[in-house]
Amino acid sequence: MEIVKENGPITGEHIADRLNLTRATLRPDLAILTMAGFLDARPRVGYFYTGKTGTQLLTENLMKIYVKEYQSIPVVVHENVSVYDAICTMFLEDVGTLFVIDDQSFLVGVLSRKDLLRASIGKQELNSLPVNIIMTRMPNIAMCEKEDLLIDVAKNLIEKQIDSVPVVKKKEGGFEVIGRITKTNIAKAFVSLADDM
20 MEIVKENGPI TGEHIADRLN LTRATLRPDL AILTMAGFLD ARPRVGYFYT GKTGTQLLTE
80 NLMKIYVKEY QSIPVVVHEN VSVYDAICTM FLEDVGTLFV IDDQSFLVGV LSRKDLLRAS
140 IGKQELNSLP VNIIMTRMPN IAMCEKEDLL IDVAKNLIEK QIDSVPVVKK KEGGFEVIGR
200 ITKTNIAKAF VSLADDM
């Protein structure tokens, strides 16, 4: 990169000569630097330095990641399910948030671990207490759509201090839950982005 910064535009052949390498040996490194966005290449002109820092390139790439690329399968329960059954579902599905739906399969609430823990402390009969009594209800639910930017969802999770949001599809009469975005989904996206750079 220093050679290209100081002498660009410069051909791959000239770079190889300066490093005492063959063009074939250098080709994979130039390809990586070009794909990562640090260098740009023009046919019959050569390579030149883009001037972009790693942070700038990371930011540009973050603005190209959409929810649909990383959403996972949602875990839903009906609003009349008991708190006990919701706790079992959360444990068996190994999730931290359940999405609550009504008879039309529309989103009506969200249940977090904290909601279920709060309900289980005390003397309530968990088998007869329906989740619709303790859930967070609409319109107080953070949600997203599959075309939203993942970075915006990440900001929302941080701002609201929650673990996940439902991915919804607007329909006449409500929102259908079609996926979920969790902190783990976002971490996977960032690790994948770092691996690509």
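FYI, in the working numbering the residues of the sequence shown are 20 to 216. No residue lacks a Cβ here, since even glycine has one placed at the ideal position from N, Cα and C.
| query | result |
| --- | --- |
| What residue range is occupied by the uninterrupted beta strand (DSSP E) comprising tyrosine 68? | 65 to 68 |
| Going by beta carbon distance, what residues of the same chain come within less than 7 Å of serine 147, once the five residues before and after it are set aside? | Ser101 |
| State the Cα-Cα distance for the pair arginine 63 and glycine 31, rounded to the nearest angstrom. | 10 Å |
| According to DSSP, what are the bridge partners of tyrosine 10? | No answer is possible for residue 10: the residues shown for the chain start at 20 and end at 216. |
| Just tell me which of Asn26, Ala161 and Ile84 has its CA closest to the CA of isoleucine 205. | Ile84 |
| State the DSSP-derived secondary structure class of threonine 108, mapped to helix, strand or coil. | helix |
| What's the C-alpha gap between serine 139 and proline 149? | 12 Å |
| Contact defined as beta carbons within less than 8 Å: I believe threonine 69 pairs with phenylalanine 57. What is the distance between those atoms, to the nearest angstrom? | 6 Å |
| Is the beta carbon of phenylalanine 118 closer than 8 Å to that of valine 94? | yes |
| With DSSP as the reference, please indicate the residues paired to glutamate 195 in a beta bridge. | Phe125 and Lys188 |
| Using 10 angstroms around the beta-carbon of isoleucine 29, count the other beta-carbons present and answer buried if the total reaches 16, otherwise exposed. | buried |
| Using a Cβ-Cβ cutoff of less than 8 Å, which residues in the same chain neighbour isoleucine 34 once the five nearest sequence positions on both sides are dropped? | Ile22, Val23, Leu45, Leu49 and Tyr66 |
| Whose C-beta lies closer than 8 Å to the C-beta of aspartate 171 among residues of the same chain, with five residues either side of it excluded? | Cys163 |
| Kindly give me the distance between the Cβ atoms of valine 196 and alanine 161, rounded to whole angstroms, as I take these residues to be in contact under 8 Å. | The pair is not a contact, with the Cβ atoms about 13 Å apart (cut-off 8 Å). |
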